[in-house]
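Data first, discussion second: the structure below is written as structure tokens.
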Amino acid sequence: MDQEAEYTCGHCGETIVVPVDLSGGERQDYVEDCPVCCSPNLLHLRVEDDQVDLWAEPE
Ligand SMILES: [Zn+2]
């Protein structure tokens with residue numbers, strides 16, 4: 590199942606849309622580089638009742 594979620598980069602403030610892999614579990618924490626400013630964000634993904642929550646903390 591392909592799904593997308595968005596987060597706000599903690600460095601440049603851009604809204605970033607990313608595909609999320611729900612097969613990875615309902616709670617995922619991973620680091621991803623912002624495609625706009627190339628700074629790492631620590632992403633937190635939570636899935637509950639098919640609702641995807643994604644937010645970022647600056648690394
Ligand atoms: Zn950024």
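For what it's worth, this note's numbering labels the leading residue of the sequence shown as 590, then goes sequentially. Note that beta-carbon positions come from the ideal geometry of N, C-alpha and C, so glycine has one too. A quick note: this is a predicted structure, and the numbers were derived from the prediction, not measured.
| Query | Result |
| --- | --- |
| Per DSSP, which one or two residues make a beta bridge with Pro647? | Asn630 |
| Can you tell me which of Glu595, Ser628, Gly614 puts its alpha carbon nearest to the alpha carbon of Val620? | Ser628 |
| Just list the residues that DSSP pairs Asp622 with in beta bridges. | Pro629 |
| From Ala645 to Ile605, what does the alpha carbon distance come to, in whole angstroms? | 10 angstroms |
| Just jot down, in chain order, the residues whose CB lies closer than 6 angstroms to any heavy atom of ligand 1. | Cys598, His600, Cys601, Glu603, Cys623, Val625, Cys626, Ser628 |
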